[in-house]
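Numbering of the sequence shown is given in the numbering used here, commencing with residue 39 and proceeding in unit increments. By construction, the Cβ of each residue, glycine as well, lies at the ideal position given by its N, Cα and C atoms. Written below as structure tokens is the structure these notes are about.
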Amino acid sequence: MTQNSGAKRPDVSVVFPAYNEAKNIPELVRRVGETFVGSGATLEMIVVDDNSPDGTADVAEGLRPAYPNLKVLVRKNERGLATAVVRGWEIAGGRFLAAMDADLQHPPDVILRLYKSAVEKDADMAVASRKVAGGGTSDWAFHRVVISNVANIIAKVCLPVSLRGIGDTTTGAFLFKGDKVDLSKLSPRGFKIFLEVLVRGKFNKTVEVGYVFIERTAGQSKMSLKQDVEFVIHLLKLGLVKGEIAVPALITVGLVGLVLKFFG
Numbered sequence: 039m040t041q042n043s044g045a046k047r048p049d050v051s052v053v054f055p056a057y058n059e060a061k062n063i064p065e066l067v068r069r070v071g072e073t074f075v076g077s078g079a080t081l082e083m084i085v086v087d088d089n090s091p092d093g094t095a096d097v098a099e100g101l102r103p104a105y106p107n108l109k110v111l112v113r114k115n116e117r118g119l120a121t122a123v124v125r126g127w128e129i130a131g132g133r134f135l136a137a138m139d140a141d142l143q144h145p146p147d148v149i150l151r152l153y154k155s156a157v158e159k160d161a162d163m164a165v166a167s168r169k170v171a172g173g174g175t176s177d178w179a180f181h182r183v184v185i186s187n188v189a190n191i192i193a194k195v196c197l198p199v200s201l202r203g204i205g206d207t208t209t210g211a212f213l214f215k216g217d218k219v220d221l222s223k224l225s226p227r228g229f230k231i232f233l234e235v236l237v238r239g240k241f242n243k244t245v246e247v248g249y250v251f252i253e254r255t256a257g258q259s260k261m262s263l264k265q266d267v268e269f270v271i272h273l274l275k276l277g278l279v280k281g282e283i284a285v286p287a288l289i290t291v292g293l294v295g296l297v298l299k300f301f302g
């Protein structure tokens, strides 16, 4: 049931950014928590809710008696998945910090597998990937496949050095050593936080762990054309900050951005 009822620092702190996820939170907390039982690793779970009108925060708070390793943070005047994740990390106590979407589209054991992979391979970061062995998607429509592939192309064009060896650039689940990132230096926007962390952090070794992305069974997707545009803008910013993007790359990004807009 609980993995962190004492004062010992948890091995992993995972943040679940949530907005209108009341139907998913109980199952999410239960499933992820259960994967750590008997694993030898300790877990802290943090739900960061952006004042959801569906009562997500109340549902999460109601779980705390059964899960003392669960924290709930409600943001009244802030919005956005990326900033919610960072806010959760700021109150986390784990040696490793992780993020995972709250929509049950990632397998519940992915955080534990990321942790084990990072420890076994002495990696600073572990990334859940749909692009490696054991990874994939379930029943995605053609336009979603196109959007995902285009987003990967844009990311690799903007950050060819930082993303060398990374197959899934838009992942929503990853884990890293907390002392490798200065959280005060993060400037995330929109619904993607992974690339911001990857670029700003000081990682010597990164590994990917395969997972199968499944469709949501409750709630509604928060993704939109606006979020796609924000993703592209943020990538351009990161590419310029790192000095990895050139004029031809900017032209390429513009062209693939049009494709993304068309299929979005």
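Cut-off 6 Å between Cβ atoms - residues of its own chain near residue i, not counting five sequence neighbours on either side
i       : result
Ser-155 : Ala-164, Val-245, Val-247
Ile-283 : Cys-196, Gly-277
Val-148 : Ala-166, Ala-211, Tyr-249
Gly-173 : Ser-167, Gly-248, Tyr-249
Other residues of its chain near residue i: CB distance less than 7 Å, five sequence neighbours each side excluded
i       : result
Arg-125 : Val-86, Leu-111, Arg-113
Spatially closest choice to residue i from the options, by CA coordinates
i       : options                            : result
Phe-241 : Pro-226, Tyr-249, Asp-49, Asp-220  : Asp-220
Lys-215 : Leu-197, Asn-107, Val-235, Lys-223 : Val-235
Gly-239 : Leu-224, Met-138, Val-50           : Leu-224
Glu-268 : Asn-107, Asp-49, Ala-193           : Ala-193
Ala-122 : Pro-226, Ile-252, Arg-47, Leu-273  : Pro-226
Ile-63  : Lys-109, Thr-80, Arg-47, Lys-280   : Lys-109
Leu-152 : Val-50, Leu-273, Val-270           : Val-50
Arg-47  : Glu-99, Asn-107, Val-97, Thr-73    : Asn-107
Asp-217 : Asp-162, Asp-96, Val-188           : Asp-162
Gly-100 : Ala-137, Thr-207, Glu-65           : Glu-65
Val-52  : Leu-135, Glu-128, Ala-98           : Leu-135
Arg-133 : Lys-159, Thr-175, Asp-177, Leu-81  : Leu-81
Ala-137 : Tyr-105, Thr-208, Ser-222          : Thr-208
Leu-150 : Asp-141, Ala-79, Ile-271           : Ala-79
Cα-Cα separation between residue i and residue j, rounded to whole angstroms
i       : j       : result
Ile-231 : Lys-169 : 18 Å
Ala-130 : Gly-205 : 28 Å
Ser-77  : Gln-143 : 23 Å
Pro-103 : Met-83  : 13 Å
Pro-145 : Ser-167 : 12 Å
Pro-198 : Phe-251 : 25 Å
Asp-139 : Leu-213 : 13 Å
Ala-189 : Thr-73  : 31 Å
Phe-54  : Ser-222 : 20 Å
Val-270 : Asp-141 : 23 Å
Leu-273 : Asp-177 : 28 Å
Residues that residue i bridges to, as DSSP identifies them
i       : result
Met-163 : Phe-214, Thr-244
Val-112 : Asp-87
Val-237 : None; Val-237 has no bridge partner.
Val-53  : Ile-84, Ala-137
Gly-174 : Val-250
Lys-304 : With the chain running from 39 to 302 in the structure shown, residue 304 is simply not present.
Cβ of residue i within 8 Å of any chain B Cβ
i       : result
Arg-168 : This model lacks chain B altogether, as it is built from one protein chain only.
Beta-carbon proximity list for residue i, same chain, < 8 Å, skipping 5 on both sides
i       : result
Val-237 : Leu-197, Ser-200, Leu-276, Val-279, Lys-280
Ala-171 : Gly-248
Within 8 Å, do at least three Cβ pairs link the stretch 112 to 122 to the stretch 65 to 75? no
When you compare the stretch 77 to 93 with the stretch 47 to 58, are there three or more beta-carbon pairs, one atom per stretch, that lie closer than 8 Å? yes
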